[in-house]
Every structure is written in C-alpha cells, then in structure tokens.
Amino acid sequence: NLSSRLQETMRKLRGKGRLSEKDVDQALREIRLALLEADVNYKVVRDFIGQVKERATGHEVLSSLTPGQQVIRIVNDELTKLMGGTQAKLTLSSRPPSVLMMVGLQGAGKTTTAGKLARMLKGQGHRPLLVACDIYRPAAIKQLQVLGEQLEIPVFSMGEQNPVDIAKAALSHAQKFNNDVVLIDTAGRLHVDEELMEELVQIKAAVNPSEILLVVDAMTGQDAVNVAESFNTRLELGGIILTKLDGDARGGAALSVKAVTGKPIKYIGVSEKMDGLEPFYPDRMASRILG
Amino acid sequence: ITTGRKVDESLFEELEEVLIQADCGVTTAMFLVDQLRDRAREEKITAAEELRKVLMEEMVALLEKNAAPLKTPEESPYVIMVVGVNGAGKTTTIAKLAYRFKQENAKVLLAAGDTFRAGAIEQLGVWAQRLNVDLIAHQEGADPAAVAFDAVNAAKARGSDVLILDTAGRLQTKVNLMSELAKVHRVVQRELGRDLDEVLLVVDATTGQNALSQGKIFAEAVPLTGIALTKLDGTAKGGIVLALANELDLAVKLVGVGEQYEDLQDFDARSFAAALFG
Ligand SMILES: Nc1nc2c(ncn2[C@@H]2O[C@H](COP(=O)(O)OP(=O)(O)OP(=O)(O)O)[C@@H](O)[C@H]2O)c(=O)[nH]1
Ligand SMILES: Nc1nc2c(ncn2[C@@H]2O[C@H](COP(=O)(O)OP(=O)(O)OP(=O)(O)O)[C@@H](O)[C@H]2O)c(=O)[nH]1
Ligand SMILES: [Mg+2]
Ligand SMILES: [Mg+2]
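Here the protein sequences line up with chains H and S, keeping their order. If you count by the numbering used here, then the first sequence holds residues 20 to 310, one letter each, in order. If you count by the numbering used here, then the second sequence holds residues 62 to 339, one letter each, in order.
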C-alpha cells in the first residue's frame with residue numbers, strides 16, 4: 020500500500036543523509052500515482068500536489084526522523100481539509116414543505132438513495148413524500164412505488180406526464196396532505212443532454228428546491244469533474260451523495276467532485292438496502308483514497 | 062495535440078496525460094507510451110503526427126489482441142448471460158440484444174434473473190412487451206437459480222433461438238453474491254449440457270480503475286467471453302477497456318450508445334481509439 024511504498028522510498032532517500040526538496044518530490048510522485056490510481060482527476064491531482072508541496076518541503080518533513088510518515092500525514096491532512104467537514108444535514112426550508120431533488124447520471128443510485136433519504140427523514144420525525152419524476156426508464160415509477168411500500172412512505176405519481184407538472188402537483192399534494200419534505204426522483208441523464216438538463220432547470224424553477232443533491236457513483240473515473248461541473252453550473256447544487264462505497268472503489272471521484280464544485284459531500288451509500296446510508300466522513304474518505 | 066509539434070519528452074508526457082484522463086490508468090498509459098518511445102527511437106520518428114499514428118496502432122493492437130465478435134450461433138438455444146455491478150446497464154443491454162436478434166428473425170426468450178431489486182422484473186417485462194418477446198419470470202425474492210433452470214428448459218421446449226438471462230447487479234466484493242452468480246451459471250451449463258455461448262460483463266464507460274477489480278473478480282466467478290461497454294454516448298472515454306485488455310486479456314464485443322433498444326453497436330477498435338483522442 021501507499022504507506023509502505025512511501026516508507027520504502029523515504030528509507031532509500033534517508034540513506035543519503037539529510038533530505039532535500041528533490042527527495043520530497045520523489046515522495047510526492049508516489050502520492051500522485053496513488054491518487055491517480057484512486058481515480059482522482061488528473062488536473063485535481065496536479066493542483067493538489069502543488070498545494071501540498073509547500074508544506075511537504077517544510078521543516079516538519081526535512082528534519083523528521085520519519086519523513087515518509089510526515090509526508091503521508093500532511094497529505095492525509097490536506098485531503099481531509101479539501102473534502103470539507105462532515106455535513107450530514109439536509110437543507111430544509113423554514114416554511115415547509117421543503118423540496119429535495121435527486122439528480123445525476125444514469126444508474127448512479129438516485130432512486131435507491133431517494134428511498135434511503137426518505138426513510139432517514141421519517142425516522143427523524145418528518146413526513147416525507149417521494150415523487151416519481153422519471154417518466155422515461157421502464158418501470159422507474161414502479162421501482163419507487165415498491166420502495167415506498169417497503170418503507171411505508173407515500174409515493175406521488177402521475178404516470179408519464181410532464182415531469183415539471185408532476186413536481187408542481189406533488190408540491191400541492193404535500194401542502195394539502197401535510198407532508199413536510201418532498202423528495203423528487205428524476206431520470207438519469209447525461210450532463211451533455213441539453214434537453215434533459217433544461218428539464219431539470221424547469222423543475223427547479225417550478226418548485227424551488229431547498230436542496231438539489233447530485234448522486235455520484237463512487238467508482239466514477241476521470242469524467243467525474245465534467246459531470247459535477249455541468250450539473251453544478253446548471254443547477255447550483257446543495258450537496259453530493261456518493262454511492263456504492265460498500266465496494267472496493269477507492270472513490271477518488273469524491274475529491275474531484277468536491278474540488279471542482281466546492282459543494283459538500285453529505286452522505287454515502289453503503290448498501291442496496293434502505294438503511295444503507297451514512298454521513299460522509301472526510302478523514303475516512305482520505306485514507307480510503309490514499310489506499 | 063500533435064499538429065505541428067516536434068517529438069520530444071514533453072510530447073510523450075502529454076500523450077500519457079491524455080491516456081490517463083481517458084481512464085486508461087497509469088500502468089496501461091505508461092505501457093503504451095513506453096512502447097511508443099521504443100518505436101519512435103527504432104523508426105526514427107520526428108513528426109508528431111506520425112507519433113500519434115503509431116500510438117493509435119498500439120492502442121488498436123491492444124484492443125484487438127483478444128477481440129472477437131459475438132460468437133456465431135451453433136447449437137440452439139444460443140444462450141447469453143449478462144453480469145456486472147449495480148447500475149452498469151445490464152437490463153438495458155439485454156433489451157438491445159433482444160432487438161438485434163429479433164431483427165435477424167430469431168425467436169428470442171428473456172429471463173428475469175434479477176429477483177432482488179425493486180421493479181427489476183417489471184423493468185425487463187416492459188422491454189419484453191415493447192419488443193414482443195417472451196419472458197420467463199418468477200416472483201420477486203425467488204431463487205435466481207430456479208429462474209435460470211426454468212428459462213433454459215423453457216427455451217428448449219419452445220424452440221427458442223436465443224435465450225438471454227438477466228442477473229441482479231452486484232459489487233464484486235460481495236462474496237456470497239459472487240458465489241450465487243457462479244451457481245446460476247453452473248445451473249445453466251448443466252441444463253444446457255454445454256457451455257454458454259456468451260457470458261458478458263457489462264461495464265459502464267464512466268467507471269475508473271475499479272473496472273479492473275470488476276473484471277478480475279467476475280472472471281473468477283464465471284467464464285467471461287467479453288465486455289459490453291455502456292454509456293459511451295456520454296463524455297467518458299471508456300479508456301478502462303485498454304487496461305482490461307492489457308492486464309486481464311478481456312475484449313470488448315459491444316458498445317452501448319444510448320437508452321433505446323437500437324443503441325447498440327459492435328465494438329470497433331479503430332474508431333474507439335480515434336474517439337479517445339478526439
Ligand atoms: N451496493 C450498492 N448498490 C447501490 C447503492 N446505491 C444504489 N445501488 C444499486 O445501484 C443500482 C442503480 O440504482 P438506482 O437507484 O436504480 O439508480 P438510478 O440513479 O436511479 O438509475 P437511473 O434512474 O436509471 O438513472 C441498483 O441496483 C441499486 O440497488 C449503494 O450504495 N450500494
Ligand atoms: N446514456 C446511456 N444510458 C444507458 C446506457 N445503457 C444503460 N443506460 C441507462 O443506465 C441506467 C441503468 O440501466 P440498467 O439497464 O437498469 O442497469 P442494470 O445494470 O440492469 O442495473 P441493476 O439491475 O440495478 O444493477 C438506465 O437509466 C439506462 O437507461 C447507454 O448505453 N447509454
Ligand atoms: Mg432511477
Ligand atoms: Mg438490471
């Protein structure tokens with residue numbers, strides 16, 4: 020793993036006497052490799068290493084008896100800082116019902132995560148309403164309805180109508196039936212699909228969400244920055260949810276997405292089941308990414 | 062990137078950067094660029110455009126190393142099992158395959174082997190209905206091996222030309238789910254009395270290096286015959302298939318380029334390599 024590789028690199032360097040800036044560069048090269056293998060975006064890695072270099076060539080490393088350890092500690096520190104604190108809190112409106120929107124690429128885990136969030140909110144004493152705004156994917160509405168039944172949470176659906184109309188009707192329904200949080204599940208879409216991105220903009224304009232959550236698959240590679248940037252530019256995201264972290268993907272997309280949008284990663288998906296949602300801890304993610 | 066440039070170290074580094082940004086991974090990117098450096102030296106290449114051409118050749122050679130189209134049908138039924146991680150595009154790819162075979166006048170039977178996920182059986186049911194093909198399905202929560210058993214025997218009894226088996230998405234790290242997959246595969250083999258014609262691993266083109274872990278572990282559970290790379294209509298380059306070819310000898314047979322049943326293409330190494338640099 021990186022820690023042992025770095026120790027080895029530093030051990031060889033240490034044998035030469037006092038550590039120089041050039042030696043630290045070598046260690047940073049190992050770090051860079053680890054981050055790229057973890058799927059952190061190329062440019063994000065470059066910027067990050069540049070940022071870390073100053074601290075890594077400072078006194079705390081060059082005079083240390085275990086410079087390898089120091090470099091890792093600094094990198095871990097900086098990574099954790101970069102990914103923000105733990106912000107496992109949804110932005111709700113002071114005047115309910117609040118509207119939350121799940122958006123993201125095809126297959127990222129939006130529908131499953133909508134169910135998980137609804138379950139969490141219900142457990143906190145809220146009265147959530149799930150809304151089926153994916154009118155394209157075969158049996159998408161059915162999928163949400165099955166989850167709603169399992170969770171005993173109501174699902175609002177109007178079949179294959181205009182998603183903007185469905186969202187508006189769901190909001191009125193929530194007001195009428197006293198649901199204080201409305202979770203809108205939207206269809207997966209490509210960030211380069213103009214028409215579908217415009218649909219999201221229209222849904223947002225119609226129901227004024229208190230938070231738009233981008234759902235990102237933890238195994239996403241270099242493309243994560245493009246996706247996050249597009250969705251954020253078009254919609255102004257409130258936060259990000261990283262799914263499928265119960266696998267062995269290193270999850271470098273977490274760093275890429277945070278670096279390019281500045282938006283907090285709030286929760287992580289850790290199973291297919293409805294209780295598989297946890298707060299995002301940046302320090303744990305940092306260690307996972309470094310490997 | 063190469064127009065009007067001279068061949069120097071910075072150019073090699075930039076080419077490596079392009080490969081890494083396409084998700085080829087550092088190992089495979091370095092492998093390709095090291096090969097390129099050797100050839101540049103041997104062939105005394107001084108024009109950057111020539112260098113790019115050689116890199117294309119290297120990439121195509123790697124991709125075509127173990128490449129093959131879908132197996133030609135021999136015995137009936139022609140059986141395809143589709144596997145992969147959650148949300149990769151298995152069910153949609155099956156719909157596309159069903160359409161393709163229907164266009165060739167084959168009698169297609171689908172099997173709803175995902176008995177776990179909410180709405181999974183219904184999802185395949187909608188496709189079956191749209192494509193006017195038969196579907197073998199049990200109830201949600203049924204044993205996927207039982208569905209597979211019934212599907213093979215139904216295909217034989219009905220004289221189906223093609224049987225395509227859907228499976229539940231699963232992360233390769235879930236040992237019990239991987240043994241379930243191996244069991245389903247064994248059941249199909251046994252009922253068929255021979256090997257399956259295709260066992261396709263569906264990989265999302267947006268996937269990063271984790272695809273290598275997927276390829277390795279799924280291949281340990283079932284004998285993969287190829288990869289179906291989905292969502293190449295997005296901005297992800299899908300360079301991970303170069304790493305899969307380089308490190309695991311896995312070849313891409315099919316490419317998904319959209320959400321409709323016509324959006325399936327045979328893999329073409331040359332156009333894939335060109336698009337990666339485009
Ligand atoms: N293991 C695991 N699987 C997950 C997680 N989140 C979602 N999934 C699975 O990923 C697959 C896709 O999830 P969906 O909720 O259908 O994804 P989606 O974003 O709604 O998909 P589209 O609506 O087609 O864009 C399903 O098989 C889910 O069960 C997670 O945290 N862990
Ligand atoms: N743009 C695009 N979307 C695709 C492609 N293939 C599949 N999808 C979409 O990806 C999402 C997931 O597809 P599914 O077929 O449900 O994936 P799956 O692997 O069966 O998912 P699970 O059964 O939950 O593991 C759906 O929204 C599909 O429409 C493709 O080639 N391009
Ligand atoms: Mg969905
Ligand atoms: Mg499926």
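No residue lacks a Cβ here, since even glycine has one placed at the ideal position from N, Cα and C.
Under the DSSP assignment, H:Lys-195 falls in the alpha helix (DSSP H) whose first and last residues are 182-196.
Within its own chain, the residues whose Cβ lies closer than 6 Å to the Cβ of H:Gly-167, once the five positions on either side in sequence are excluded, are Leu-149 and Val-174, listed in chain order. Ranked by Cα distance from S:Leu-261, the first of S:Ala-206, S:Leu-303, S:Ala-330 and S:Leu-226 is S:Leu-226. When the Cα atoms are used, S:Glu-78 and H:Tyr-61 turn out to be separated by approximately 8 Å.
The three-state reading of DSSP puts S:Leu-185 in helix, counting H, G and I together. Contacts with chain S at 8 Å (Cβ-Cβ) do not include H:Gly-310. For H:Glu-179 and H:Ile-154, the gap between their C-alpha atoms comes out near 5 Å. Looking at the backbone, the Cα of H:Arg-156 and that of H:Ala-189 are separated by about 20 Å.
Taking a beta-carbon distance threshold of 8 Å, H:Val-165 counts as an interface residue toward chain S. For H:Gln-88, DSSP assigns no beta-bridge partner whatsoever.
Against chain S, the beta carbon of H:Gln-106 has no neighbour under 8 Å; the closest one sits roughly 25 Å away. Using a C-beta cut-off of 8 Å, the region 310-320 of chain S makes no contact with the region 249-261 of chain H, since fewer than three inter-stretch Cβ pairs fall below that distance. Taking 8 Å as the threshold, the shortest C-beta distance from S:Gln-250 to chain H does not fall below it.
The Cβ atoms of H:Ala-137 and H:Met-121 lie no closer than 8 Å to each other. Within the region 227-300 of chain H, the beta strand (DSSP E) runs of at least 3 residues that lie entirely inside it are, in chain order, 230-236, 258-262, 284-288 and 296-298. Residues of chain S whose Cβ lies closer than 9 Å to the Cβ of H:Asn-251 do not exist, since the nearest Cβ in that chain is about 15 Å away.
Sequence-distant partners of H:Leu-209 (beyond 5 residues in either direction) whose C-beta falls short of 8 Å from its own C-beta, in its chain, are Leu-124, Gln-125 and Leu-215. Of the candidates S:Gly-269, S:Gln-233 and S:Ile-278, the residue whose Cα lies closest to the Cα of H:Met-238 is S:Gly-269. DSSP lists H:Thr-205 as the bridge partner or partners of H:Cys-152. Annotation: Cβ neighbours of H:Asn-245 in chain S (cutoff 7 Å, chain order): Thr-296. If you look at H:Asp-44, you'll find it in the alpha helix (DSSP H) that goes 40-56.
In this structure, S:Glu-201 has its beta carbon at no less than 7 Å from each heavy atom of ligand 2.
Residues of the region 263-275 of chain S with a Cβ closer than 7 Å to any Cβ of chain H, in chain order: Asp-265, Thr-267, Thr-268, Gly-269, Gln-270, Asn-271 and Ser-274. Ranked by Cα distance from S:Arg-251, the options S:Val-263, S:Asn-214, S:Lys-126 and S:Leu-224 are led by S:Asn-214. In the structure shown, S:Pro-284 falls within a coil segment according to DSSP collapsed to helix, strand and coil. In this model, H:Ala-268 and H:Met-139 are separated by some 25 Å (Cα to Cα).
For the C-beta of H:Leu-209, the chain S residues within less than 9 Å are, from N- to C-terminus, Lys-292, Asp-294, Gly-295 and Thr-296. No Cβ of chain H is located within less than 8 Å of the beta carbon of S:Asn-127.
Look at the region 82-151 of chain S and you find these whole runs of beta strand (DSSP E), each 3 residues long or longer: 139-144. Rounded to whole angstroms, the separation of the alpha carbons of S:Val-194 and S:Ala-159 is 8 Å. Of the candidates H:Asp-66, H:Leu-111, H:Ile-287 and H:Asp-96, the residue whose Cα lies closest to the Cα of H:Asp-265 is H:Ile-287.
One thing to note: H:Arg-92 has its Cβ no nearer than 8 Å to the Cβ of H:Ile-68. Under the Cβ criterion (8 Å, minimum of three pairs), the region 223-240 of chain S counts as touching the region 132-149 of chain S. Relative to the non-hydrogen atoms of ligand 1, the Cβ of H:Asp-294 never comes closer than 7 Å to any of them. With contact defined as three or more Cβ pairs closer than 8 Å, the region 194-206 of chain H and the region 77-86 of chain H are not in contact. Contacts with chain H (Cβ-Cβ distance below 9 Å) from the region 131-156 of chain S involve Val-146, Asn-147, Gly-148, Ala-149, Gly-150, Thr-152, Thr-153 and Ala-156, listed in chain order.
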